[in-house]
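Scroll down for the structure; my scribbles are underneath it.
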Amino acid sequence: MTSVDIASDRRASRTRAVVRRALWSVFVIGLGLLFVFPVSMIVLGAVRDGLPTAPDVRWTLDGMVAALTQSATWTTLLNSLILVVVCGAVATTMGALFAWIRTNTDVPLRRALTPLMIINLFVPPLFYTFGWIMLGNAQNGLINQWARSLFGTQQFVDVQSWGGLILTMSLGYIPFAYLLMQGAFLNRDQSLDEAASIAGARTWRTFLTVTLPSVGPALTGAATLIMVLILQSFESPYLLGRPADIHVFSTQIYHYIRDTTPAEYTSAFTLALIVVLLVVLLFGLQRRLLRGRSFTTLTGKSSRRDPLQLGPVRWLFTVLICVFLLLNLVLPLGAVFLGSLQPTFGVMRNLSFDNYTRILADPMLRESLELTAWISVAGGFVAMAVALLTSYVVLRRRGFLRGYTSFAMWIPWALPGIVLALAYMFAVLAFPGVKGLYGTPLLMGLVLVVATVPLCGRLAEGALAQLAPELEEAGRISGAGPVRVLGTIVLRLLIPSFLSGWFLAALFISGNLAIPTLLAPPGFQPVAVAALTLYLNGDFSTAAALFMIILFAAAIVLALAGATMWSGRRLGARRTEAAGLHG
Amino acid sequence: MTEVRVSGMTKKYGSKPAIHGLDVTIRSGEFVTLLGPSGCGKTTTLRCMAGLERPSSGSIAMGERTVVDVANGVFVPPEKRHVGMVFQSYALWPHMSVDENVAYPLKVAGVRGGERRARLAEALAAVGLAEFGDRPVTALSGGQQQRVALARALAARPSVIFYDEPLSNLDSKLRYAMGQQVRSLHDRYETTSVYVTHDQEEAITLSDRIIVMNNGRIEQDGTPEELYDRPRTAYVADFMGFSNIVTGTVVGSGSGLVDLRVDGADLVLRGFAAEAPGSGARAALAFRASHVHIDDRDSRRPGSFDATVVRSTFLGSAVNLLLDANGLTVRARIERAELERLGMDRPAAGAVLPFSVSGSGAVIVPSEEAGAADAGPADEDAELAVVAERHAVTV
Amino acid sequence: MTEVRVSGMTKKYGSKPAIHGLDVTIRSGEFVTLLGPSGCGKTTTLRCMAGLERPSSGSIAMGERTVVDVANGVFVPPEKRHVGMVFQSYALWPHMSVDENVAYPLKVAGVRGGERRARLAEALAAVGLAEFGDRPVTALSGGQQQRVALARALAARPSVIFYDEPLSNLDSKLRYAMGQQVRSLHDRYETTSVYVTHDQEEAITLSDRIIVMNNGRIEQDGTPEELYDRPRTAYVADFMGFSNIVTGTVVGSGSGLVDLRVDGADLVLRGFAAEAPGSGARAALAFRASHVHIDDRDSRRPGSFDATVVRSTFLGSAVNLLLDANGLTVRARIERAELERLGMDRPAAGAVLPFSVSGSGAVIVPSEEAGAADAGPADEDAELAVVAERHAVTV
Amino acid sequence: VTKSSDPVEVPGASSEVNAYLNELYDRAFEDDKTEIVIYGPSVSTSKPMFDAFSERFPGITVLPQDAPDSQTLTKLEAEAQTGSRVADLFTGGGPTTAQAAAEPGICTNAEIKTAPADFEVPYANDGRLLPFAYRYFTFIYNTDAVDEAEAPKTWEELLDPKWTGKLVIGDPTVAGGLRYLLAGLQAPEAEDEFGEAYLRKLIEQDLVIGTSESAVPADVAAGRGDVGIGVFSGYYAVQKAKGAPLGIVFPLEDGGNFLTTSSVCYIEDAPHADAALLYLNWLFTEEGQETLAEVDGSYGILPGSPGPLGAPAFDSLERLPFSNPDPEFNKPYFAVVDELFKK
Ligand SMILES: Nc1ncnc2c1ncn2[C@@H]1O[C@H](COP(=O)(O)OP(=O)(O)OP(=O)(O)O)[C@@H](O)[C@H]1O
Ligand SMILES: Nc1ncnc2c1ncn2[C@@H]1O[C@H](COP(=O)(O)OP(=O)(O)OP(=O)(O)O)[C@@H](O)[C@H]1O
Ligand SMILES: [Mg+2]
Ligand SMILES: [Mg+2]
């Protein structure tokens, strides 16, 4: 061992300390600038009437008072609560039921559930809602047309109504709920149920008194997240609810910002603050429910046993899965596909691929497709990278850094996309040095990333949870410095989760509507906006074709990724086999 | 108090049978342990009895009632069998308090009001947790959770209780104490108990009878003493802690003892045999490390040999020696009392000493020429590597 | 070969200190074990030495180099300390093969080409995994993974290796074999080893020296024999398996032995004391279950007593007895050899027999009137409940 | 497409006009500022217009950005205040654009040198707002469901019970031309004939609210109703061009024709100032005014400009009053509309 004199060790220790402090400061400030500061704009915006750049803005409580005294606001609150509670409850329960079916029972089609849910998640809500309108609008929805030609009834369904809104939103969030809870159901000790049946309880009693409550944290966690997502969701309430005069926070905020001239920012921000308050309440409620309870009991050898034999009920569940598949995937996507073939939507004559060729020939739409691809891929990458970094900090650090980081990450959850976009626009305008960002694709990309980070954070948390700190410590002990450990161990282990997270994030971004509507610079119209514009201008068929192209592209990426992974695994397996033979 | 009779029970997973035509009778009030290595089918047997698994063929009766008869399509589900079960993971319901956990079987059984409270209190008192009723189960230590699981299994006074490795999550000290409690509750409530473990010490300390299983079949069945002293096969011997099993050829026998010339080493060892194989027959000799003693007699007899100490490990009350006797690796355990009696220090590595194997302790078992390698699991390489290393070094 | 010197090391988490001014020297080439119950600060101490944790004050030196000196702002990060570590969870990198795992420290150290291959092969051969190099680590059994972790820690020939409960995930049989291998590699590579465990058997079998920790402080420090035979406090005695600890008043002493009148029972027991407390002083006597023998002498001496057998548990080679001596609960372990010598059967519950405690085995330790309850952990209630129950039944 | 090598010759324009246009054309290329950004509600439906312009002046392109009025205003304000200008033009109905023009620093005077000498350009808002065309709103019908003869030709006919549940209309509670049309029906000049009373009767017809104002033709084509009312002819033309089974009724026999002024706000310090000015000047050429009629369904503002195909001349058209840009004037009418159309 070489003898190193204490003075140089001391110097090195000092330098390391300084560098470390500097890096952390950059991290903290960066996070503050990107996540915390812009959002503080909404508080400011609620009491200052006008753009921050305007020369003489008034400080006023008028907007706030107006918003709070308007009965419309309270109707909105009521509508939002109904939607959040009903859809949240339905989606969570159904998600839990499906997760249970998948992991604990012998229902024949259960293995199809996970792929089904994942595919489902890939259909951005805008496309999905669009499909439902084509299917179920009161006058010429496909379902109504069929019903008319079959039974001669005038109007069979109307999705632009409370019922339709609740149905489609509940259906739409089931995949999310399922995927959030699947792990909990998979990891739960099945002997909990067995203990109940030994104790004399029948299957249903067991399910209700033991199975469901025992996944309490996952259940309430999923419910909270989904409720927050529903609270902020925009597409369905906008396209389905608004025509039926059902206004919720997101559409009402949108209304204040877009439909009134001049825009009523103070009112919009006041509503946004109420949303933030509701989100805080929701999280608080969940924490309260779980307070002082740990749900981890001892787990020994997990009993990997035969799935529960359900008897005839399993055919009922099979039908349920089929209905779900039909309602959530086959019907809406089928409708969009059919629509994309019609020259004039709803007219069954002359079906052709003309819409597709026209899109691909139209330089503007083609550019829009290309741009969306770029923004999604790049934005997804950045979002996933940021999410990994921050989740890592949350996981490995304690005290201020941890609290601060998770707070910063949490902020975008609490804000509807349109408010987020507005807050960032205000922030950019208020900050002298960065005004130039306004109207650039960079700003739109940034906000898209910020909005996507919380979702990626969920994925990153799962990935990081499997990364035991000892794996890194073993690297350090082996003589590798922190950077090398990061490169050769941490990042390498995270690659698979990173790739899947990246893909999801890209899709999420490609389907985002709220942010680009406000921030997209001219010539940088992402597909979601282009499609909505087409739709609103009555060009339904072209919009449908545009959706199909995006989905098709995503499917190709997915297929490629799947094929790569499959062949990779095959290679890996062969390697193991070979090793096994001579080992 | 119920007798459990299993006849011709087979359980297949897919086409792979995990249990092959098992016949077992567990007498009323008996404490029977199923013992065997991982994957031998213990849990499957237990779960079939409890109703958590459906046998592929055969029948099971509990007391007067046939609960499974595959040929006649009888299958009584677990909730109708009135049994209790303690799971390895305890399977306590994390969303319920201790009280709620223990009272659940009573509640389901429709026991109400005062009686429920009384029986709950009794069950908790029996496991010494009377004061913990209000606690969430997650706020208990491992041993306490274990006791809640016991109380829950007992609460509805089932006639049969099944235990699937209930102690394997506890540390060794606690394990012993909890095992004592399981047994004491069995005695007190006079239930019939079927207990699964892969730990021979646990099986020996707790059971009235031990059933050693191997690959879905019964290998040996007897009292703890019988199994501890007189394993009938190399498999059982290995499992019961006979850490030396050597094969050889019978060279003589008399008065229940048989002399065996050990393969590959110029050594004759002696051991007990229930039925003496004829001279020249192949056989194996199994003996415990504690059957090896330092030989202080001058004369050489069958069973004595000189050996080099390869490694000496202090155990506190005894010393473990790894010996090389003419190329044969022997594991010995010498009590400190013995060393003191002989006035010896702890033998150091490299020392050459005379040893002998107690002929009344060692047992002759059928030689399993093919199966012999299986008996010592692959992971013993670790220790054997030490011997190999020594040879490499001395070469 | 490097000496590790820790002086005045304190480690606080928040304001709560986990280590209180620890002073330890581990001599070059020594195998030292830190032993103690959960939460006593073993891991923290080890991690501070390895550089994975920053002490709040104090200093650590390794050989010539001061790696930590809080007062002078020196902190050498782990990658610069040239140490090895084996983690409880093995911490193998799942994305690398066995080869890649073991070669990683070499690669980082800049060892290249032929030399790297040679040293990799040597490390793998040392743990008996020469043929497993290509396998993904995830395709190995627990014991094999353990050996890969060992090989990795050894590969770069660090001068100090730290082990944090490396065997606690293995089953008991494998544990012994792997422990042997750890020790044999220590001897072969002549490293300095610091080993953490809460298992006294492991500590005794492996170490040159054992440091018993309690609540962030050193409780006793000595060779395995010293600790096994002569614990100096009730805490250590309990930890080392002295399952009987009774308090009382000194009534006489002579030639290193002290007589103690046990509280609450009309009994005088005798034990060894390094420094005899004066007559009338309060003290505690600790003795192992195996220090209790069936007394075959007629005359009554200090240390003999009559007791009722409350429970008798067959252990195979011995019988565990739970005794009630005049209201004092005593745990005894009688070897079958002893029973055979006395021509007795296994004592049954209810029998009244004469017993004695070996005066040279039992030790006098300072009485910890306040701490005494702590010595027997709460979970021993389970066994004590059996005694209580008996009293209830006899009433 | 690159710049045409020869000077561009706009048919029917004088040589001075052509020279001026070519000067702007050249300047746009000198600065490499050839992409005009134009904001407006549904401005992308004017794409044929922009294409015609680009065909005349190769290399100059128009990038339309649809956004509702208030959002556009926000953007324009922000652009004005930060100085990072994005848009060159903002076009839309008179009242909306007037709001932008009313704010300081957003719009500026666009000098038109191509109009006939005797024509005084009718600038509004102190010259900051430039009206250039009139657009008309009318009825359309689905030709698969309704014969030409049967189609309603007056507002009164809409009240026929046979149309109950079959009339599609945009959402008049959000910003758009329809809002002004319904205000126009209540304005003093029309109050006697229509007024609030008429609106109430119309509501009784169980109107179908379409996807959006601009999507009403598509909704009618798709069968969401048989007849669309208050439809801007340009929206109709787009669908019709794609072969949708649609017919149009214009003019309405009862004189309830509604026209809005299309105005454009030329943004101060526009990033592509020359190209934008070129476009505006081209609009006032004979060709520009004719193209408006041909592909944009508008009446040019120059006297004597042709009407859209089949439409009567502007001067002979009986019509409702133009929308009033004064918010105070519209307020009570809008309130009635909001009240009536809130479900
Ligand atoms: N659900 C199952 N599906 C397929 N095979 C199974 C299943 N359960 C058990 N087996 C197989 O049946 C055999 C017996 O398993 P069982 O769990 O009864 O063993 P065990 O003796 O309890 O082992 P352990 O000590 O590991 O618990 C094993 O080979 C096992 O792999
Ligand atoms: N990161 C930490 N933050 C706060 N307290 C800690 C942390 N790590 C350890 N402690 C506390 O320090 C004390 C010593 O912990 P340590 O892990 O060293 O114990 P140990 O002897 O290794 O126990 P075990 O046998 O359970 O591993 C404990 O009280 C523990 O709760
Ligand atoms: Mg098992
Ligand atoms: Mg530890």
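In order, the protein sequence lines correspond to chains A, B, C and D.
Per our numbering, numbering through the first sequence is continuous, rising by one, with the last residue being 584.
Per our numbering, numbering through the second sequence is continuous, rising by one, with the last residue being 817.
Per our numbering, numbering through the third sequence is continuous, rising by one, with the last residue being 817.
Per our numbering, numbering through the fourth sequence is continuous, rising by one, with the last residue being 637.
Idealized CB from N, CA, C, for every residue including glycine.
Can you name, in chain order, every residue of its own chain whose Cβ lies under 8 Å from the Cβ of residue i, other than the five neighbours on each side?
i                      : result
residue 608 of chain D : 428, 593, 599 and 601
residue 150 of chain A : none
residue 795 of chain B : Any reading at residue 795 of chain B needs caution, since the residue's pLDDT is 40, under 50, leaving its predicted position unreliable; the model's value is listed next. For residue 795 of chain B, where only same-chain residues beyond five positions count, there are no Cβ hits under 8 Å.
residue 599 of chain B : 565
Which of helix, strand or coil does DSSP assign to residue i?
i                      : result
residue 462 of chain B : coil
residue 642 of chain B : strand
residue 792 of chain C : At residue 792 of chain C, the pLDDT of 47 sits below 50, so the modelled position is not reliable; the number obtained from the coordinates is stated separately. Looking at residue 792 of chain C - three-state DSSP - the assignment turns out to be coil, as it is neither helix nor strand.
residue 573 of chain B : helix
residue 309 of chain A : strand
residue 757 of chain C : strand
residue 538 of chain C : helix
residue 351 of chain A : coil
Can you pull the chain B residues whose beta carbon is under 7 Å from the beta carbon of residue i, in chain order?
i                      : result
residue 211 of chain A : 515
Cβ of residue i within 9 Å of Cβ of residue j?
i                      : j                      : result
residue 319 of chain A : residue 108 of chain A : yes
residue 480 of chain C : residue 492 of chain C : yes
residue 509 of chain D : residue 538 of chain A : yes
residue 1 of chain A   : residue 472 of chain A : Summary: the structure shown does not reach residue 1 of chain A, with chain A confined to residues 2 through 584, and so no result is reported for it.
residue 770 of chain C : residue 734 of chain C : yes
residue 542 of chain C : residue 525 of chain C : yes
residue 428 of chain C : residue 470 of chain C : yes
residue 455 of chain C : residue 632 of chain C : yes
Using C-beta distances below 7 Å, list every residue in its chain close to residue i, excluding the 5 sequence neighbours before and after it, in chain order.
i                      : result
residue 302 of chain D : 315, 316, 319, 350 and 351
residue 564 of chain C : 591 and 592
residue 619 of chain B : 455, 457, 587 and 625
If the cut is a Cβ gap below 8 Å, which residues of chain D does residue i touch?
i                      : result
residue 258 of chain A : 364, 365 and 368
residue 264 of chain A : 364, 365, 367 and 368
Going along chain B in order, which residues have a C-beta closer than 9 Å to the C-beta of residue i?
i                      : result
residue 214 of chain A : 515, 516, 517 and 518
So residue i contacts chain A; which residues on that side make the cut at Cβ distance below 8 Å?
i                      : result
residue 501 of chain B : 198, 199, 200, 201, 202 and 203
Below 6 Å CB to CB, which residues in the same chain sit around residue i once its five sequence neighbours on both sides are set aside?
i                      : result
residue 717 of chain C : 726, 776, 777 and 778
residue 453 of chain C : 608, 615, 629 and 630
Can you pull the chain C residues whose beta carbon is under 7 Å from the beta carbon of residue i, in chain order?
i                      : result
residue 490 of chain A : 515
Strictly below 8 Å CB to CB, what residues from chain C border residue i?
i                      : result
residue 737 of chain B : 623, 626 and 627
Fill in: Pocket of ligand 2 defined by Cβ to heavy atom distance under 6 Å
Selection around ligand 2 by beta-carbon proximity, strictly under 6 Å to any non-hydrogen atom, yields C/435, C/440, C/458, C/460, C/461, C/462, C/463, C/464, C/465, C/466 and C/620 in chain order.
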